[in-house]
Structure formats: structure tokens, C-alpha cells
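Residue numbers (the working numbering): 21 to 158.
Written out as C-alpha cells, the structure reads:
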């Protein structure tokens, strides 16, 4: 169900090539999934940590990497994204991580800033979409 939400949001809506959306990290990530009472998937995200996150966090093994956060169109504005981020942060805390790092699409900067993530470094392109590095201490 995680992959169905990601496909709809990233591949269909945003035009990210499918071969870029799914990667080897999916097999080792901690995945979170928000579902409606009837079992319909509303959103998803993942946490990478340890050696799997090293390339994404500059080699700092005290950092987790939040990624692939996607909320189904019908669930946007309902707090699903916030709940997913908090669940990923909880998973990071449970693994003894000091902070969570992420690569935010620039249109979502305000969302992450409201959750106390701070931008760092220059803006860059990832899958042809402008992104900004952000981090929050836990």
C-alpha cells in the first residue's frame, strides 16, 4: 500500500520516473503508513538510519533520513502528513538518533518549517524537482 500512494503522488502527479521513485533503500527502510478506518491508504513515508542513511546524511550515523513522504490527494489538509512525520521521528528516537534530515521539495518548505525543521545548504534539483535540505534535532 505504501508503494501505491507513492506511485500516485510522485510518478503520476509529479512525473517522477518510476525507476527513480523505487530504490534499494525500500528493502531496508522503516516504512510508515496512514490508513483510513476502511483500510484505504492515505499516506506514507520512510526512515533510513545507520549505514543505509550514510550517503543521504553526509556520513553522520546519528542522523536519520526521512524520505518518500506522500499523502493521497483526498487526505491532504487533514493532518496526515504531520502524523506521518511524527511517526517517523518517533521511530528515529526509538533507534537512538539525534536528528532527522530530509530533502524537501521547495513547495513544501513551509510545511516542514511548521514542524521545526530548519533549512540548510543551497537549493538543488532531485528528479528534476527543486529541493532543499532540512534538519530537526530530536
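Heads up, the beta-carbon is just placed ideally off N, CA and C, and yes, glycines get one too. Note that the structure is a prediction, hence the values are computed from the model and not measured.
| Check | Outcome |
| --- | --- |
| Neighbour flag for residue 111 against chain B, beta carbons, 7 Å | Looking for chain B here will not work: only one protein chain is present. |
| Coarse secondary structure for residue 162, derived from DSSP in three states | Residue numbering for the chain in the displayed model covers 21 to 158; residue 162 lies beyond these limits and cannot be assessed. |
| Local Cβ density within 10 Å of residue 109, reported as buried at 16 or more and exposed below that | buried |
| Counted within 10 angstroms of its Cβ, other Cβ atoms place residue 29 as buried (16 or more) or exposed | buried |
| Exposed unless 16 or more other CB atoms sit within 10 angstroms - verdict on residue 126 | exposed |
| Cβ separation of residue 153 and residue 140, assumed to be a contact under 8 Å, to the nearest whole Å | 5 Å |
| Neighbourhood of residue 121 by C-beta distance below 6 Å, restricted to the same chain and skipping five residues each side | 77, 83, 85, 155 |
| Buried versus exposed, by CB contacts within 10 Å (16 or more), residue 40 | exposed |
| Beta-carbon gap between residue 63 and residue 98 smaller than 7 Å | no |
| Segments of 3+ residues assigned as beta strand (DSSP E) that fall wholly inside the stretch 73–102 | 83–91 |
| Beta-carbon proximity check, residue 65 vs residue 52, cutoff 7 Å | yes |
| C-alpha distance - residue 106 paired with residue 67, whole-angstrom precision | 11 Å |
| Bridge partners - residue 126, DSSP secondary structure assignment | Residue 126 is not bridged to any residue. |
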